[in-house]
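Working notes for the structure below.
There are 2 protein chains.
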Amino acid sequence: MPLEPFFSGAGIDRADALRARPGEIAALARRSDALTLSWSDGAPALDEDGRLRWEKLDDLPPLFLGLEGGSPRFSALADGTVPLGPRAHFALLGQLDASDAPLFAAALSLANWHRRHGFCSACGVPTLANRGGWSRGCSECGAEHYPRVDPVVIMLAEHHGRVLLGRQPHYPPGRFSALAGFVEVGETIEAAVARELHEEAGIRVHAVTYLASQPWPFPSSLMIGAHAVALDDRLTVDTTELDDARWFTRAEVIAALAAEAGAAFLPPPRFAIARTLLDRWADGLK
Amino acid sequence: MPLEPFFSGAGIDRADALRARPGEIAALARRSDALTLSWSDGAPALDEDGRLRWEKLDDLPPLFLGLEGGSPRFSALADGTVPLGPRAHFALLGQLDASDAPLFAAALSLANWHRRHGFCSACGVPTLANRGGWSRGCSECGAEHYPRVDPVVIMLAEHHGRVLLGRQPHYPPGRFSALAGFVEVGETIEAAVARELHEEAGIRVHAVTYLASQPWPFPSSLMIGAHAVALDDRLTVDTTELDDARWFTRAEVIAALAAEAGAAFLPPPRFAIARTLLDRWADGLK
C-alpha cells in the first residue's frame, strides 16, 4: 500500500441527502449530541492533541457538516476575525491529527468560500446560504452557486533517474518542492501537467501518470499529484513564477527526506502532497 | 496505448505569459494572420468537416485563446444569442473533429463563465475582463476572479466481472452510463468516488484507481474517470438522482458498444469519457 497524502480519508458522513431538508437539519441541531466547530483566528481550532475542538450549540449554525458516528456536526462561518492567512495556518497543520484533516479542510474551504461569495456573480445582488451551507441562492435571478473546488496539478518530472523540483519565492530558505499549477478550462489533467512543466521549466514531457490527490484548503484546491517523463533535461526557468528549479538525484532526495546534515534541500512538510510524491519516489514507487 | 478520451490533447499553445501583457495582445490582434472564432447559437461554429470556423478580426475581441502554429487566435464572448443548451450542443459534438475538441471546450467554458460572472461575488459591483479574458477584476474591492473548473468523478464500479451503470432521468431511452458526481471541498478524488457510489447506489467500494480525464464544457467540468472494486452487489438506488442502476456483464457491454440488435443498453456517445471508460473495460484494460 503506497503512502497516502495527509488530507486523505472519508472524513465524516456528509449525509448530503439531508441538505435538501432544512426542517430535518434544524431538528438535528436541537439534539443533545449536536456539536459545532470551534474557530480561532479564522481557522478551525485544535485541542492539545491536534484534534478539532467542538462546542455545544446555542442556535442553528449556517453550515451542516454531517454526522460523526451519528452525532450531528455543524459550523459557523469562521469566527469573524480576520484570518491569519496560509502561513499561520501551516503552523496549525503541523499539529493537526490526520484523522481530522478532511473535515478541517472542508470547514475551512466552505467558510472562506461563503466569505468571498456573498453576492450573485450573475446579477450582483446579495445571496443567501442554502442546503445546509452547501450552496448560495440568488432571490433576484434564481442562480444557485456552489462552493468552488479548483483542480491543481502538482508533478514530479523525471529524467534519467533525477527529479525536477522548484523554489517559489515565498518558500523558507532551502525548500524545494514539486512544480504545480491550476488546471484550465478545456484541459485534461495530463495536458495541464505538460503545459505547466513547459511554461515553468521549459521542458517537454510524455507518459504522464496519476499518483494521488488531496484537498488543500488555501482556499479550496484539489491537488492532483502526477509523474511525468521529461524528454530532455535542459531547463528554462520562468523567473516570474519560480526562484529556481533543479534536478535532484534519488540519493539527494533520500538525504533531504531524512533531514540529513548537508542535504541538498529542505523537503516540503508532511501535510503537503508534494511530500507524499517525494516519499513514494524515494521508495522507487515512481 | 489505451484509448484516449475525446476532449484530450494539448490544443493550441495558450501562450499564457502574454495574458499579462495587454499591449502585446493588442499588437497580435492587428496582425494579418490573426483570426477570431465564429459562434452560432451560443456555441463555437463548425464547418462541414467538423472543424472550428474562424473569421478575420474587425476589432480586439475580449478572449485571447493563444497561438495556433504561430497565428494569433481570439474569440468573442459567444454571439449574444441565447445558447441552445447542452442537448443541442451534444448534436454538435457528434460532428466536432477531435483535434479541435480542447479548443472548442476552452472557448465555450470561458464564454459561459464570463456570462455568469459579470459581478464581483465578494462585493456585488460589476467586474471587467482582465488578462486576455482569463480573469475578471473588481475595481471596488480589488478581488480577482478566475474561471471555474469543477472537478467531477465518473466511475465504473466492478463486482465479480460485472460493471455498474445507471440511468439519469434526462437520458434518451435505453441509455446507461457511468455514475458521476462533483468532488466536494475537503475530499480526495478517491473519497469522492466512494461517497458518490454509496450515495447513488448504496454500495461500498475499495481499490479506487484513476483511469483518465477530460474537460466537459457544460459548463466547465473536469471529468475524472476512475475504477473501483465493489465490496458487494446489493444496490440501493437514489431515485432522486437516478431512474435506475444495474450490473452488466462484459459480454453485455461488448454487445452494447458494438450496437448489436437486442443489446442490453444504449452506451454513452463517443465524446463522453464514460464511453472511453467502457471501451477500455471491454478491452480488459480495467
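Protein chains in written order, with the numbering used here: chain A, 163 to 448; chain B, 163 to 448. Built from N, CA and C at the ideal position, the CB exists for glycine as well. Treat the numbers as computed from the prediction; the structure is a model and nothing was measured.
- Residue pairing for aspartate 312(B): DSSP places it in a beta bridge opposite Ser383(B).
- Annotation for aspartate 203(A): no beta strand (DSSP E) segment contains it, and DSSP assigns it neither H nor E.
- Using beta-carbon distances, leucine 384(A) counts as an interface residue toward chain B, with a partner under 8 Å.
- Taking C-alpha positions only, glutamate 320(A) is separated from leucine 165(A) by approximately 19 Å.
- In this structure, cysteine 285(B) lies near glutamate 302(B), with their beta-carbon atoms less than 8 Å apart.
- Within the same chain, and ignoring the five residues on either side of leucine 199(A) in sequence, the residues whose Cβ sits closer than 6 Å to its Cβ are Pro206, Ser237, Ala269.
- Three or more pairs of CB atoms, one per stretch, sit closer than 8 Å, so the region 309 to 320 of chain A contacts the region 341 to 351 of chain B.
- Under the DSSP assignment, glutamate 414(A) falls in the alpha helix (DSSP H) whose first and last residues are 412 to 419.
- Closer than 8 Å to the CB of cysteine 282(B) there is at least one CB belonging to chain A.
- The contact set of aspartate 178(B) on chain A, defined by CB atoms closer than 7 Å, consists of Glu361 in chain order.
- The contact set of isoleucine 351(A) on chain B, defined by CB atoms closer than 8 Å, consists of Ser375, Leu384, Ile386 in chain order.
- Chain A has no Cβ within less than 8 Å of the Cβ of glutamate 302(B).
- With respect to chain B, the C-beta atom of serine 261(A) has no partner C-beta closer than 8 Å.
- Isoleucine 187(B) sits close to glycine 294(B), with the two beta carbons spaced by under 8 Å.
- With a threshold of 16 other beta carbon atoms within 10 Å, valine 415(B) meets it and is buried.
- Listed in chain order, the non-local C-beta contacts of alanine 240(B) below 6 Å within the same chain comprise Trp201, Gly204, Ala273, local neighbours out to five positions each way being set aside.
- Comparing C-alpha distances from proline 309(B) to each of Leu225(B), Glu358(B), Leu255(B) shows the shortest one belongs to Leu225(B).
- For histidine 279(B), the chain A residues whose Cβ falls inside 8 Å of its Cβ are Ser283, Ala284, in order along the chain.
- Straight through space, the alpha carbons of alanine 267(B) and leucine 373(A) are spaced by roughly 26 Å.
- Taking a cut-off of 8 Å on C-beta distances, the region 354 to 361 of chain A does not touch the region 432 to 444 of chain A, as fewer than three cross pairs fall below it.
- Two segments are said to touch when three or more pairs of C-beta atoms, one from each, lie closer than 8 Å; by this definition the region 329 to 339 of chain B does not touch the region 361 to 371 of chain A.
- When 7 Å is used as the limit between beta carbons, aspartate 406(A) is near no residue of chain B, the shortest such separation being about 18 Å.
- Residue state for serine 261(A) is assigned as helix, using DSSP reduced to three classes.
- Counting only residues of its own chain and dropping the five nearest sequence neighbours on each side, glycine 323(A) has a CB closer than 8 Å to the CB of Thr411, Arg412.
- Contact of serine 297(B) with chain A is not assigned, every C-beta pair being separated by 8 Å or more.
- In this structure aspartate 262(A) is buried. Its beta-carbon is surrounded by 16 or more other beta-carbon atoms within 10 angstroms.
- For the pair alanine 260(A) and glutamine 376(B), the Cα-to-Cα distance works out to about 31 Å.
- Around serine 200(B), no beta-carbon contact reaches into chain A at under 8 Å, the shortest distance being about 17 Å.
- In the three-state reduction of the DSSP assignment, proline 430(B) falls in the coil class, being assigned neither a helical nor a strand state.
- In terms of Cα proximity to phenylalanine 252(A), the closest of Gln330(A), Arg432(A), Asp445(A), Gly446(A) is Arg432(A).
- Neighbourhood of arginine 310(B) in chain A, by CB distance below 7 Å: Arg310, in chain order.
- Interface annotation, phenylalanine 169(B): in contact with chain A, CB-CB separation under 8 Å.
- Assignment of serine 301(B) by DSSP, reduced to helix, strand and coil, places it in the coil class.
- Here leucine 373(A) carries a strand assignment [DSSP, helix/strand/coil].
- When secondary structure is reduced to three states using DSSP, alanine 238(B) falls in the coil class, being assigned neither helix nor strand.
- The beta carbon of valine 355(A) does not come within 8 Å of any beta carbon belonging to chain B, so the residue lies off that interface.
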